[in-house]
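Note that our numbering has the sequence shown beginning at 1, numbered continuously upward.
Note that CB positions come from ideal geometry on N, CA and C, so glycine has one too.
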Amino acid sequence: MNVPPLNRLVPEHIKRFEPYIPSKPDNELIKLYGCSRLFRLNNNENPLGPPQAAREVIDRFPAARASIYPSGDAYHLRHKLAEKFGLDPEQFLVGNGANEVISFVIKAFCREGDNIITADKTFAVYEWVAEFSGLEARIIPLVDFGFDDEEMLGRIDEKTKIIFICNPNNPTGSYWSEERLRGFLRQVAGRQIVVVDEAYCEFVEKEDYPDGIMLIREYPNLVVFRTFSKMYALAGLRIGYLAGDRDVVDIIRRTCVVYSVNGLAQEAALAALNNQEHIHRTHEMVREGKEFVAKELDILGLPVVHDQGNFMMIRLPMSDSLAYRKLMTQGIMVRTMTGFRFPNYIRLTISDMEAMEAFVEALTKIVPKGEKA
Ligand SMILES: *Cc1c(COP(=O)(O)O)cnc(C)c1O
1 MNVPPLNRLV PEHIKRFEPY IPSKPDNELI KLYGCSRLFR LNNNENPLGP PQAAREVIDR
61 FPAARASIYP SGDAYHLRHK LAEKFGLDPE QFLVGNGANE VISFVIKAFC REGDNIITAD
121 KTFAVYEWVA EFSGLEARII PLVDFGFDDE EMLGRIDEKT KIIFICNPNN PTGSYWSEER
181 LRGFLRQVAG RQIVVVDEAY CEFVEKEDYP DGIMLIREYP NLVVFRTFSK MYALAGLRIG
241 YLAGDRDVVD IIRRTCVVYS VNGLAQEAAL AALNNQEHIH RTHEMVREGK EFVAKELDIL
301 GLPVVHDQGN FMMIRLPMSD SLAYRKLMTQ GIMVRTMTGF RFPNYIRLTI SDMEAMEAFV
361 EALTKIVPKG EKA
């Protein structure tokens, strides 16, 4: 900042923090890269759109209702969640996307000098919120693309307040089984808050994948995040939630900003929940897309890391930022992985076949023949 008297107001950790730069709107990008259309395959959005019941809520939302404040605590949605999971409505906190509940938890438990533990290659918002809050983020390297339970346990000290685990992990698609998660929780022994971010849980079809919300009764230090942005395709309305033990949620609730979740989002989420037909259709689309892309990448000799979730991590024989620019000129937007500490990798959102075919066609043009990544 170049205003000297104000400069002294800015904490060192804020001066050091690099702001996240969101992507430009479609029309700007199309102009910038000279492409004719744009497939956004960078944010793990669901191209099928919201479930039918949620669409109807959105279509019928009365304009006059925009003048009324929404329920300040997402009353009906929390009751519906409580019914779905057999818990108490007081065990849920709804936020402006799961992103917002990350801040709630950190604010509730951490003060200066404290630390949080997470992985080096995972959803970056846990680390960012910790850092711009002046806290230490202990970043434990993944092992074999997955969270390293032993090393994370070894880094816990008396200043550790929260451990963040992304299950399945964005961007690697790895996951912990129920046995592994329970083993970890047993060893933490209730001394820290363990957050399990289940943003992609509805995509997982593995028998041994744990439903974190079902474990809350046994482990009161467990807090689970869910979102309506990914499977339920409500990313634009910004709504997600956390679930936890009553007493833990009672503490976290103190840091909530009331009215941060708008009324339309609350109603659409309520309608979207449990829509099995929608989930089934999405699974089919993701399966078809993954199989197609994996087969084509194999022909190109490109290694893929993919297991769970509606995304795929791909290793390239070139820098990810160069690949990004070359793909953009062909109207394909992927996520570069340098920001996730995976240079030379991209993350691709699995979308419909039209988008997947366009991606493969564009990638084929930029990958030198016979060159192994
Ligand atoms: C997308 C995502 C979120 C955040 O979702 P919101 O849109 O803020 O609800 C949280 N965690 C992970 C791992 C995600 O990929």
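Run of the alpha helix (DSSP H) containing residue i, from where it starts to where it stops
| i | result |
| --- | --- |
| V57 | Q52 to R60 |
| A119 | Per DSSP, A119 belongs to no alpha helix (DSSP H); it is in the beta strand (DSSP E), N115 to A119. |
| A355 | M353 to I366 |
| Y33 | D26 to Y33 |
| L6 | P4 to N7 |
| E12 | E12 to R16 |
heavy atom of ligand 1 below 6 Å from residue i C-beta
| i | result |
| --- | --- |
| D298 | no |
| C201 | no |
| S321 | no |
| N42 | no |
| C166 | yes |
| S351 | no |
| G97 | yes |
| S260 | no |
| G240 | yes |
| S103 | no |
| N46 | no |
| D197 | yes |
| N310 | no |
| F92 | no |
| T282 | no |
| S229 | yes |
| F123 | yes |
| N374 | The structure shown does not extend to residue 374, since the chain is modelled only from 1 through 373, so no value can be given for it. |
Through-space distance from residue j to residue i, alpha-carbon basis
| i | j | result |
| --- | --- | --- |
| K161 | D73 | 26 Å |
| Y232 | E267 | 13 Å |
| Y420 | L297 | An answer regarding residue 420 cannot be provided, because it is not within the stretch 1 to 373 covered by the chain. |
| S319 | E136 | 30 Å |
| I156 | G173 | 25 Å |
| E150 | A66 | 50 Å |
| Q276 | E291 | 22 Å |
| V305 | V143 | 13 Å |
| H278 | R8 | 53 Å |
| K80 | I165 | 26 Å |
| G240 | E100 | 8 Å |
| I139 | P62 | 47 Å |
| E288 | P19 | 37 Å |
| I350 | L6 | 46 Å |
| V257 | R226 | 18 Å |
| R341 | D26 | 26 Å |
| V50 | K159 | Per the sequence shown, residue 50 should be read as Pro rather than Val. The alpha-carbon atoms of P50 and K159 are separated by roughly 42 Å. |
| G146 | Y69 | 42 Å |
| Y259 | I102 | 17 Å |
| V249 | A362 | 47 Å |
| N170 | I332 | 20 Å |
Delimiting residues of the beta strand (DSSP E) encompassing residue i
| i | result |
| --- | --- |
| Y345 | Y345 to T349 |
| M318 | Unbroken run through M318: none, as it is neither H nor E. |
Chain C within 7 Å of residue i, Cβ atoms only
| i | result |
| --- | --- |
| M214 | Among the protein chains of the structure shown there is no chain C, as only one such chain exists. |
(request) Go through the stretch 131-203 residue by residue and report every complete run of the alpha helix (DSSP H) that reaches 4 residues or more, in order. (result) Along the length of the stretch 131-203, whole alpha helix (DSSP H) runs at least 4 residues long occupy 149-154 and 178-188, reported in chain order.
(message) Going residue by residue through the stretch 196-276, where are the continuous alpha helix (DSSP H) segments of at least 4 residues, counting only ones entirely within it?
(response) 212-215, 246-253 and 263-272
(message) With three or more beta-carbon pairs closer than 8 Å as the criterion, would you say the stretch 88-102 touches the stretch 238-254?
(response) A contact is defined here as three or more CB-CB pairs under 8 Å, and the stretch 88-102 meets this definition with respect to the stretch 238-254.
(message) Can you confirm whether the stretch 100-117 touches the stretch 263-281 when touching is taken to mean that 3 or more C-beta pairs between the two stretches lie within less than 8 Å?
(response) Contact between the stretch 263-281 and the stretch 100-117 is absent, because fewer than three Cβ pairs lie under 8 Å.
(message) With three or more C-beta pairs closer than 8 Å as the rule, is the stretch 36-51 touching the stretch 278-286?
(response) Short answer: they touch.
(request) Quick one: which unbroken alpha helix (DSSP H) runs of 4-plus residues sit fully inside the stretch 54-109? Chain order, please. (result) DSSP runs (the alpha helix (DSSP H)) wholly in the stretch 54-109: 75-85 and 98-109.
(message) For the pair the stretch 173-190 and the stretch 122-135, tell me if three or more CB-CB distances fall below 8 Å.
(response) no
(message) With three or more beta-carbon pairs closer than 8 Å as the criterion, would you say the stretch 346-366 touches the stretch 33-40?
(response) yes
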